[in-house]
Amino acid sequence: MRILITGANGMLGSVLSKKLKGHEVFAYSRAELDITNRVEIKHTLKDIDPQVIIHAAAYTNVEQSEVDPDKAYLVNVIGTQNLVDACVGNNVLFVYISSTGIYGTKKVNSPYNEFDEALPTTIHHKSKLEAEKVVINHLNKFLIIRTGWLFGGSIQKEKNFVFKRYLEASSKKKIYSDPNQIGNPTYVEDLVDQINLLIDKQHYGIFNCVNNAVNVTRLDYVQKIISLFELDCQVEAAPKGIFKRVAPVSSNESAENKKLDFLGVNIMGDWQESLQRYVKLVRSKEV
Ligand SMILES: NC(=O)C1=CN([C@@H]2O[C@H](COP(=O)(O)OP(=O)(O)OC[C@H]3O[C@@H](n4cnc5c(N)ncnc54)[C@H](OP(=O)(O)O)[C@@H]3O)[C@@H](O)[C@H]2O)C=CC1
Ligand SMILES: Cc1cn([C@H]2C[C@H](O)[C@@H](COP(=O)(O)OP(=O)(O)O[C@H]3O[C@@H](C)C(=O)[C@@H](O)[C@H]3O)O2)c(=O)[nH]c1=O
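In full-length UniProt numbering, the protein residues as written are 1 to 287.
Structure (structure tokens):
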């Protein structure tokens with residue numbers, strides 16, 4: 001299949017670009033294809049005539065989106081609209097990468113599923129939900145993938161939470177992490193396999209796609225990262241106020257893959273096992 005990938009320089013996009021072997025992949029970084037450039041989008045899609053578009057480009061700075069909402073809406077909503085408009089009338093499968101952060105704050109400590117209403121609380125997550133609506137309202141062949149707390153890929157990527165914690169703990173005896181926010185640390189390699197399976201099996205619609213994690217806090221996550229790197233550093237619960245955020249991010253970004261389970265196609269494994277595989281790669285300098 002001819003697959004076009006946006007955001008190819010990002011944490012997810014770069015792994016998608018490498019891993020979707022067996023397909024004819026056309027991967028574009030921002031420098032090669034800016035999704036806010038409507039004319040460029042139109043020409044590229046006409047030239048490539050893709051059968052699948054995996055749209056992994058986004059403005060992902062949650063904090064900065066509160067300060068500059070126009071930037072978030074321009075890239076995330078209008079950028080998606082530009083791609084969608086160029087697909088209308090073509091028989092292309094559009095895969096949009098969204099976030100479990102869109103569910104908001106209604107549930108306190110139980111995971112969100114696809115039948116929960118999305119009530120986002122931050123500009124970033126509002127922009128992600130608006131983009132979902134653009135896809136749903138204009139296309140009939142789409143996959144919306146709601147994921148969260150991604151890790152993996154090159155250690156140089158800005159969004160690489162795992163490697164950043166490794167660097168921090170390498171130079172300190174004690175670090176802090178948030179004991180109040182829960183979510184599902186999710187390995188990009190697993191996510192790519194899951195997306196590939198959904199495409200192969202011709203499933204369409206909205207899917208939560210996260211690694212299996214029950215009531216896992218950022219503190220649990222960072223403790224596990226540091227223990228897998230075998231660093232001599234204590235990870236303690238951050239006192240209130242240490243991680244002051246501009247964005248009112250939900251303290252519950254956790255989710256379950258209910259629809260994948262119903263359909264018998266959930267191949268997302270346990271987060272700790274996936275994290276172990278990734279840390280092993282980082283330690284052997286393979287990424
Ligand atoms: N990281 C996470 O924990 C989560 C991510 N997601 C979603 O997954 C997807 C991938 O995110 P992730 O890889 O982690 O994030 P990254 O920030 O690593 O990647 C996003 C990529 O989008 C590119 N981009 C930004 N603006 C434009 C533009 N105008 N035109 C083209 N490309 C652009 C960036 O380019 P450049 O490199 O030049 O800045 C970057 O490479 C996104 O849709 C994100 O919302 C969802 C939930 C959690
Ligand atoms: C630095 C640090 C942060 N934290 C906490 C504070 C804060 O809640 C959070 C910040 O991490 P991030 O910057 O990765 O968080 P954030 O940008 O909010 O991460 C997100 O990415 C976007 C794209 C999404 O869609 C979200 O759903 C989410 O997965 O982690 C720790 O617990 N320990 C630490 O050492």
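Built from N, CA and C at the ideal position, the CB exists for glycine as well.
Within the segment 133-211, the runs of alpha helix (DSSP H) at least 4 residues long that lie entirely inside it are, in chain order, 161-170, 188-200.
Taking the Cα positions, Thr-186 is about 11 Å away from Ser-254. About 6 Å separates the beta carbons of Asn-76 and Lys-128, which is inside the 8 Å limit, making them a contact pair.
Of the candidates Asn-184, Ile-35, Gly-205, Val-134, the residue whose Cα lies closest to the Cα of Leu-260 is Gly-205. Per DSSP, the unbroken beta strand (DSSP E) holding Glu-236 starts and ends at 234-237. The beta carbon of Ser-274 sits closer than 7 Å to the beta carbons of Tyr-187, Asp-190, Asn-211 from its chain, once the five residues preceding and following it are set aside; these are given in chain order. Within the segment 49-74, the alpha helix (DSSP H) runs of at least 4 residues that lie entirely inside it are, in chain order, 62-67, 69-72. Contact between Lys-159 and Thr-6 is ruled out by a C-beta separation of about 16 Å, above the 8 Å threshold. Distances between the C-beta of Tyr-278 and the heavy atoms of ligand 1 are all 7 Å or more. Gly-153 is positioned such that its CB atom lies no closer than 8 Å to that of Ser-29. By DSSP's assignment, Phe-94 forms a beta bridge with Ile-53, Phe-142.
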